[in-house]
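A.B. asks: If you read the sequence shown in the numbering used here, its first letter stands for residue 1078, the second for the next number, and so on. For glycine and all other residues, C-beta sits at the position ideal for the given N, C-alpha and C. These figures come from a predicted structure and were not determined experimentally. Before I ask anything, here is the structure I am working with.
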Amino acid sequence: MILLIAIVLILFLLFLKEGIPCIMYHGVGSESNLSAEEFEKQIKQIKNMNTYKFEEIEKFNYLIPKKSILLTFDDGYKSNYTNAYPILKKYNKKATIFLNTAYVGIDDDYLTWDQILEMYGSGLVDFQLHSHSHFSVVNKLEVESFFSNEDFKKKELYREIKNIYRREPRIGYPIFKRKGELAVFGYKLTDKFIDDYDKIIDKNIILTEEIVKGSLLNEIVAYSSEEYENRVFCEINKNKEIIDKKIGRETLNFANPWGHKSPELLDELKKLGIKSMITTKKGTNSRKLNPYKIKRYETNSAIKFRVLFLINKSFFLGKIYEVLS
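So this is what it looks like as structure tokens:
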């Protein structure tokens, strides 16, 4: 009987323990699955909650004040400024944008530095690390599809394939299974593989996975640990140098591109002095954040937002949500 009472008491105390939800967004508007109207409905629901930027959280030593929720955006899309920022200002809510610097001011879908500096100057929006390029690397020698004429219109895929092949993509190039390039060592398509495959395309041979799996696979090699470490260093260091110089403040918080993580990446982040890693693992957080395991979830409707908010502001229910997810 005493044991049962103890268990009930422990569960009750866990239920009362406050959770800190962290919401993940990307774009807001026509280019995403979240409209500006739905986004405002979500922000309106948390008008009485505290919000903090990661530069503030870092100063708190990752101990979040009570009655708080964290708002984050990945990549740095222009709609963060045109659609989300006016709503954040309207409700006086703070957010952090984890920024890919390679496309700022270059790609029309991304922010400009003037927009970034305006948001940062408002005191409502912080900018942190998300890698310079947000590229992937071949992770498995399995062909998902072949590059087609339609793929030239898919901006992000086009950039990915161009990076992997280190040259302009051609119709017929195999698209292998990929993963975030900072999370895994991955495989390198050698120049010989690409040159030999170009010859196959030039002969108008019908392209199949069997052709790729023939002798050509011998021309694909695994990246070394040194190459991986250099890749991580270059991507994060360039990302950091650009943001730090532009906004005049050091950035030390990193969100995983693609949500992909690994022990190797965590080791490299710590070597670089990065203080936190924000994941896409669903669930809630305790008020004292685990800096390298910060959980987030994404939602595109006000109703789902409300339900998940009620769940994740309880640490106990948030843990159940984490397990079930």
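Taking 8 Å as the threshold (C-beta atoms), are Gly1263 and Val1215 in contact?
C.D. replies: yes
A.B. asks: According to DSSP, what are the bridge partners of Lys1265?
C.D. replies: Val1298
A.B. asks: Along the beta strand (DSSP E) that carries Ile1288, what are the first and last residues, could you check?
C.D. replies: No beta strand (DSSP E) contains Ile1288, which is instead part of the alpha helix (DSSP H) from Glu1286 to Lys1290.
A.B. asks: Per DSSP, what are the beta-bridge partners of Leu1311 in this structure?
C.D. replies: According to the sequence shown, residue 1311 is Cys rather than Leu. Partner(s): none; Cys1311 has no beta bridge.
A.B. asks: Identify the residues that DSSP records as bridge partners of Ile1100: which are they?
C.D. replies: Leu1148 and Tyr1374
A.B. asks: Could you pull the DSSP bridge partners for Leu1206 from this structure?
C.D. replies: Leu1176 and Phe1331
A.B. asks: Does DSSP classify Ala1083 as helix, strand or coil?
C.D. replies: Here Ala1083 scores only 41 on pLDDT, less than 50, and its place in the model is too uncertain to base an answer on.
A.B. asks: Give me the Cα-Cα distance between Ala1161 and Phe1229, rounded to the nearest whole angstrom.
C.D. replies: 29 Å
A.B. asks: Would you list the one or two residues that DSSP bridges to Leu1140?
C.D. replies: Lys1365
A.B. asks: So, at 6 Å on beta carbons, what are the nonlocal neighbours of Ile1123 in its own chain, with the 5 sequence-adjacent residues on each side left out?
C.D. replies: Ile1146
A.B. asks: Roughly how many angstroms separate the alpha carbons of Lys1170 and Ser1222, rounded to a whole number?
C.D. replies: 43 Å
A.B. asks: Check for me: the alpha helix (DSSP H) holding Met1354 runs from which residue to which?
C.D. replies: Met1354: not part of any alpha helix (DSSP H); member of the beta strand (DSSP E) spanning Ser1353 to Ile1355, first to last residue.
A.B. asks: Using only CA atoms, which one of Lys1338, Ser1302, Ile1320 and Leu1148 lies nearest to Lys1358?
C.D. replies: Lys1338
A.B. asks: Classify Ile1320 as buried or exposed, calling it buried when 16 or more other Cβ atoms lie within 10 Å of its own Cβ.
C.D. replies: buried
A.B. asks: Let me know if Asp1344 comes out buried or exposed under the rule of 16 or more other beta-carbons within 10 Å of its beta-carbon.
C.D. replies: exposed
A.B. asks: Less than 6 Å between C-beta atoms, sequence neighbours within five positions excluded: which residues of the same chain meet that for Glu1132?
C.D. replies: Same-chain partners within the cutoff: Asp1203.
A.B. asks: Please say whether Asp1151 and His1103 have beta carbons closer to each other than 8 Å?
C.D. replies: yes
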